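Positions 816 to 994 (the working numbering) are the ones given, in order, by the sequence shown.
For glycine and all other residues, C-beta sits at the position ideal for the given N, C-alpha and C.
Bear in mind that the values here come from a model prediction, so they are computed numbers and not experimental data.
I have placed the structure first, in the form of structure tokens, so that the comments after it can refer back to it.
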Amino acid sequence: MLKWLGIIAGVVIGIAVIIWVVGMLLPPGHVATASITLRQPADSVWTVIRDFASYPEWWGNASAVNRDTDREAEVWVLEDPRGGRLPIEVVESDPPRRLITRIAADEALPFGGTWTYEIEPADGTVTVTVTEQGEVYNPIFRFFSRFIFGHYTTIESYLQGLAARFGEEASITRESAGR
Numbered sequence: 816m817l818k819w820l821g822i823i824a825g826v827v828i829g830i831a832v833i834i835w836v837v838g839m840l841l842p843p844g845h846v847a848t849a850s851i852t853l854r855q856p857a858d859s860v861w862t863v864i865r866d867f868a869s870y871p872e873w874w875g876n877a878s879a880v881n882r883d884t885d886r887e888a889e890v891w892v893l894e895d896p897r898g899g900r901l902p903i904e905v906v907e908s909d910p911p912r913r914l915i916t917r918i919a920a921d922e923a924l925p926f927g928g929t930w931t932y933e934i935e936p937a938d939g940t941v942t943v944t945v946t947e948q949g950e951v952y953n954p955i956f957r958f959f960s961r962f963i964f965g966h967y968t969t970i971e972s973y974l975q976g977l978a979a980r981f982g983e984e985a986s987i988t989r990e991s992a993g994r
């Protein structure tokens, strides 16, 4: 019995070491871009994207979003359904075309980066493109982010929620990967 416990423990430790080594070999940075086209005016889409406090009404990744009034910059704290907290700072706001946010400095987070939202109107529709330029600092989390969760998961969830907010189906196009 002890022999089997030792074998199992060795296998578990071996897998953890492999995950850590592969994570160390992966680059910390990545770029992921995805877009959808909606039959909405750009101003309406901009209003919904810019209203962070309303995200819990239409995006399943947000259970609450509140303004952090303790900071000089415009920072919103997104709470996810599992209790995690993510501070999001508005870096650039150019209505109704472009919004850039970044994860505000928080040493407890194993990742960071920016999201760039671009809204391009054309012939009664609008294309919404979200580009994540992310970095994953922890090699174990980097492994899981790359091979298990995927870099597109959160962007695609966001775009699906946005489309649903307007009563539309999301036909998501991935535009780039890597870095």
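{"query": "Buried versus exposed, by CB contacts within 10 Å (16 or more), Thr968", "result": "exposed"}
{"query": "DSSP-derived helix/strand/coil call for Arg900", "result": "strand"}
{"query": "Three-state secondary structure (DSSP) of Asp858", "result": "helix"}
{"query": "Beta-carbon proximity of Pro911 to Ala857, cut-off 8 Å", "result": "yes"}
{"query": "For Glu950 and Phe958, the rounded distance between their alpha carbons", "result": "12 Å"}
{"query": "Pair within 8 Å by beta-carbon distance, Leu817 and Val943", "result": "no"}
{"query": "Thr848 beta carbon less than 8 Å from that of Thr790", "result": "Nothing can be reported for residue 790, as the shown portion of the chain is limited to 816 through 994."}
{"query": "DSSP beta-bridge partners of Phe959", "result": "Answer is none; Phe959 lacks a bridge partner."}
{"query": "Residues of its chain near Pro936, where Cβ-Cβ distance is below 6 Å and the 5 sequence neighbours each way are ignored", "result": "Ala857"}
{"query": "Ala937 - DSSP class collapsed to helix/strand/coil", "result": "strand"}
{"query": "Beta-carbon proximity check, Ala877 vs Asp895, cutoff 8 Å", "result": "yes"}
{"query": "Cβ shell of Glu904 (< 6 Å), same chain only, five flanking positions each side left out", "result": "Ala888, Val890, Arg917 and Ala919"}
{"query": "CB of Ser986 within 8 Å of CB of Ile834, strictly", "result": "no"}
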